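Undergrad: What follows is a single structure, and I will ask about it in a moment.
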Amino acid sequence: MIVIMGASGATGGATLRSLTGLGVPARALSRDPDRLLGGLDGRTRHLVEAVPADAGDPASLRAAFHGARQLFLTMANGPHQVEHELRVVDQALAAGIDHIVKLSAPAAEPDSPVAVSRGHHRIEQYLRASGVTATVLRPYAFMQKLLLLAPGVAHAGLVHGAMGDAPCNYIDCRDIGDATAAVLTRPELAGGTYPLTGGRAYSYPELTALLGELIGRPVNYLDLPPALFHAHLVERAGMPAWLAAHVVEIQQLAVLRPESPDDTATRLTGRAPRTLEAFLREHLDAFR
12 MIVIMGASGA TGGATLRSLT GLGVPARALS RDPDRLLGGL DGRTRHLVEA
62 VPADAGDPAS LRAAFHGARQ LFLTMANGPH QVEHELRVVD QALAAGIDHI
112 VKLSAPAAEP DSPVAVSRGH HRIEQYLRAS GVTATVLRPY AFMQKLLLLA
162 PGVAHAGLVH GAMGDAPCNY IDCRDIGDAT AAVLTRPELA GGTYPLTGGR
212 AYSYPELTAL LGELIGRPVN YLDLPPALFH AHLVERAGMP AWLAAHVVEI
262 QQLAVLRPES PDDTATRLTG RAPRTLEAFL REHLDAFR
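Using our numbering, read the sequence shown as starting at 12 and increasing by one per residue.
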């Protein structure tokens with residue numbers, strides 16, 4: 012049995028759909044299992060066992076992990092992420108799970124300039140030291156997060172950022188789901204560390220030019236100093252201060268370490284990843 016943490020989220024949900032699309036049964040954890048089941052494809056719903064679980068409730072985790080052999084560990088970034096993920100790992104080990112696939116992040120290093128990535132490093136190290144077979148996925152920026160730019164594009168034809176013209180890797184969460192399904196169903200892939208990107212890196216000027224071409228009117232990029240961008244995210248976008256700081260750190264990482272695409276996703280899934288242009292075309296109505 013494969014357990015999917017965060018099965019209602021972007022990557023957990025994508026992994027669940029990828030697995031069931033292959034005919035592989037899975038146990039999906041959610042705070043609202045009925046709602047989760049209601050959103051699944053009727054043709055594959057019978058493959059999903061949806062159970063209630065919360066990372067803050069060890070008893071619910073013990074029940075959810077009973078009898079399982081593999082776990083996909085994905086949780087939303089947050090101030091308590093390290094504490095919660097380590098608790099999940101402990102409960103998974105106690106339940107006898109012998110393969111954990113962790114969704115991590117780029118630059119997961121002890122001295123990373125991104126605080127969230129330093130947390131991922133701690134969790135990765137804990138997994139490695141535990142003796143369990145640990146597979147680590149390090150995806151770059153999710154294309155789905157670009158939908159957060161849609162209101163500014165639709166209302167003002169404007170995108171704010173702090174990356175200058177640095178290239179940034181993007182990947183569709185559905186490709187992350189397919190890559191995760193591959194490492195969960197092909198034993199020869201277990202135990203590796205895999206960076207995941209799309210097929211091309213885009214700077215914000217290139218992204219806004221593409222958006223403008225697709226929607227038929229100009230879209231401009233306003234590059235801000237990091238402190239002003241942080242203030243914009245908190246005061247105008249309503250982000251919590253910690254999340255705004257994370258966004259700024261991620262963008263500054265791209266400036267410090269210009270990004271280029273990697274072919275790992277293609278090697279894992281056997282096909283080219285979805286393109287940014289295709290993703291934007293799929294969601295053009297949100298940007299108009």
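Where a beta carbon is used, it is the ideal one built from N, C-alpha and C, also for glycine. Since the structure is predicted, the reported quantities are computational estimates derived from the model, not experimental observations.
Looking at the strands, I want to know which residues DSSP matches up with residue 179.
TA: 213
Undergrad: With DSSP as the reference, label residue 147 as helix, strand or coil.
TA: In the structure shown, residue 147 sits in a strand (DSSP, three-state: E or B).
Undergrad: Would you report the Cα separation of residue 240 and residue 220, rounded to the nearest angstrom?
TA: 21 Å
Undergrad: Tell me where the beta strand (DSSP E) around residue 172 begins and ends.
TA: Here the beta strand (DSSP E) through residue 172 covers 169-172.
Undergrad: Whose CA, out of 274, 90 and 272, lies closest to the CA of residue 251?
TA: Nearest option by C-alpha distance: 90.
Undergrad: Considering only their Cβ atoms, is the gap separating residue 212 from residue 270 smaller than 8 Å?
TA: yes
Undergrad: Compare the Cα-Cα distances from residue 292 to each of 225, 263, 242 and 14 and report the closest residue.
TA: 225
Undergrad: According to the Cβ coordinates, are residue 227 and residue 28 closer than 8 Å?
TA: Not closer than 8 Å, so no.
Undergrad: Measure how close the beta-carbons of residue 72 and residue 112 come, nearest whole angstrom, since I'm counting them as under 8 Å.
TA: Rounded, the Cβ-Cβ distance is 17 Å, inconsistent with contact.
Undergrad: Spatial neighbours of residue 235 within its chain, please: CB distance less than 8 Å, with the 5 preceding and 5 following residues excluded, ordered by chain position.
TA: 171, 172, 173 and 243
Undergrad: Taking 7 Å as the limit between beta carbons, can you name the residues of its chain near residue 155, skipping five residues before and five after?
TA: 21 and 184
Undergrad: Nearest to residue 56 by CA position, among 63, 64 and 47, is which residue?
TA: When C-alpha distances from residue 56 are compared across 63, 64 and 47, the shortest belongs to 47.
Undergrad: Thinking just about the alpha-carbon of each residue, which of 196, 42, 119 and 43 is nearest to the one in residue 133?
TA: 119
Undergrad: May I ask which residues mark the beginning and end of the alpha helix (DSSP H) holding residue 208?
TA: Unbroken run through residue 208: none, as it is neither H nor E.
Undergrad: Near residue 115, what residues of its chain come up, given a Cβ to Cβ distance below 7 Å and the 5 sequence neighbours on each side ignored?
TA: 131, 135, 147, 148 and 149
Undergrad: Give every residue of the same chain whose Cβ lies closer than 8 Å to the Cβ of residue 124, excluding the five residues on either side of it in the sequence, and list them in chain order.
TA: 118, 260, 263, 264 and 267
Undergrad: Considering Cα atoms alone, identify which of 165, 246, 126 and 12 is closest to residue 295.
TA: Comparing Cα-Cα distances from residue 295 to each of 165, 246, 126 and 12, the minimum goes to 165.
Undergrad: Rank 87, 35, 42 and 15 by C-alpha distance to the C-alpha of residue 257 and give the top, closest one.
TA: The shortest Cα separation from residue 257 among 87, 35, 42 and 15 belongs to 87.
Undergrad: Pull up the distance between the alpha-carbon of residue 286 and that of residue 24, whole angstroms please.
TA: Using only the alpha carbons, I get a separation of about 20 Å.
Undergrad: How should residue 94 be labelled, buried or exposed, when 16 other C-beta atoms within 10 angstroms of its C-beta is the threshold for buried?
TA: exposed
Undergrad: Decide if residue 284 is buried, meaning its Cβ has at least 16 other Cβ atoms within 10 Å, or exposed.
TA: buried
Undergrad: Take the Cβ of residue 246 as the centre, count every other Cβ of all protein chains shown within 10 Å, and call the residue buried at 16 or more, exposed below.
TA: exposed
Undergrad: So what does DSSP say about residue 296, is it helix, strand or coil?
TA: helix
Undergrad: Between the Cα of residue 175 and those of 199, 181, 216 and 153, spot the shortest distance and give me the residue it belongs to.
TA: 216
Undergrad: Which of the three DSSP states is assigned to residue 124 in this structure?
TA: coil
Undergrad: Could you check what DSSP says for residue 272 in three-state terms: helix, strand or coil?
TA: In the structure shown, the three-state DSSP call for residue 272 is coil.
Undergrad: To the nearest angstrom, how far is it from the Cα of residue 68 to the Cα of residue 198?
TA: Cα to Cα, the separation comes out at about 30 Å.
Undergrad: Mark residue 209 as exposed unless 16 or more other C-beta atoms lie within 10 angstroms of its C-beta, in which case mark it buried.
TA: buried
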